[in-house]
Amino acid sequence: MARNRDEQRRAAGESDPLVEAARYRLRRDAEARGEPVEEANAGQPSMDQRAQIVETAIQQAIRRGDFDDLPGAGKPLPGLTGTHDPDWWIRRKIEREQLTGLGPPALLLRTEDKELEDRLDRLGSESAVREHLEGFNRRIVEARRQLQGGPPVVTPTRDVEAEVERWRDRRRERLRQAEEARRAQQEAYAALSRRERRRLRRESGR
C-alpha cells in the first residue's frame, strides 16, 4: 500500500514529505558551510512546462478520439440561463431519472408551469381549460400558505381569461395549418394523371 501511494505521488508530481525534510536540512547545512545550494525545484518542470505537458496530452487524446461521442456533445451546457436556481440539483435529478410526482411543491409547480401550455393544448374545451387553470392557481396559493420548509414558491398564478384567449389563438392556428395541409394535399392529388391516381390508390390499399 505504501509503495502504491509513493508511485501515485510521483506520478502526480508530488514529493515525499520525509524526502523534502531531508533536502531542506542538507540545503541549510550547505548554506551554513558557504557551499553552493541547488534549487529545491531543480530538475522539476516549471508551471509553463507542466501546462504544455497537459495541453499535449489533451491534443493527443483528441486525435485518438477519446472525446468523441461524449454525452451532450454539440449541445449547449445546461443551466447557463443567467439566473440562479437554488433547486437545480433536485430538478436535474428528477429530469435525468424521469421521476414524476416527487419533490417539494415549489419544484413541482415550477415544472408544471413550464409545461402548462402543452397540457392546455391537449384539452378539447374551454371549460376544461378553465378548470385546469383554476386548479393550478389553487395549488400555488395552497403551497404558499404551507409552512413545511423547503424552497419558497415563486411560481406566479395565471390569469385565467388571458390564458383561455391564448389557448383559443393557438387552437385557431393549429386548425388553420391543418386546413392548409389538407388543401395542399387535395391540390397535389388533383394534379396527378389518372394512371398516377390509380397507382396511388393501389399503393394505399384503396
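Using our numbering, the letters of the sequence shown correspond one by one to residues -15 to 190.
Glycine is no exception: its CB is placed at the ideal position from the N, C-alpha and C atoms.
This one's a predicted model, so the numbers in the text were calculated from it and none came from an experiment.
- DSSP places Glu147 in the helix class (H, G or I) of the three-state scheme.
- With contacts defined by Cβ atoms closer than 9 Å, Leu117 and Leu104 form a contacting pair.
- Excluding sequence positions up to five before and after Arg94, its CB lies within less than 7 Å of the CB of Thr139, all in the same chain and listed in chain order.
- In the structure shown, the three-state DSSP call for Ala14 is helix.
- Taking a contact to require three or more Cβ pairs closer than 8 Å, the segment 140 to 153 and the segment 166 to 174 do not qualify as touching.
- Excluding the 5 residues flanking it on each side, Ile124 has same chain C-beta neighbours closer than 7 Å at Leu93, Val137, Thr139 and Thr141, in chain order.
- Separation of Arg106 and Arg154 (C-alpha to C-alpha, rounded to the nearest whole angstrom) is 11 Å.
- CA-CA distance, Ala172 to Ala146, rounds to 39 Å.
- Annotation: Ser109 to Glu115 spans about 10 Å, alpha carbon to alpha carbon.
- Ranked by Cα distance from Gln130, the options Asp143, Ala90 and Val144 are led by Ala90.
- One thing to note: Phe120 has its Cβ within 9 Å of the Cβ of Glu96.
- Residue burial annotation: Val38 is exposed, with fewer than 16 other C-beta atoms found within 10 angstroms of its C-beta.
- The shortest CA-to-CA distance from Asp143 to any of Arg122, Arg158 and Arg156 is the one to Arg122.
- For Thr40, the enclosing alpha helix (DSSP H) has its first and last residue at Met31 to Arg48.
- According to the DSSP assignment, Ser111 belongs to the alpha helix (DSSP H) that extends over Glu110 to Arg129.
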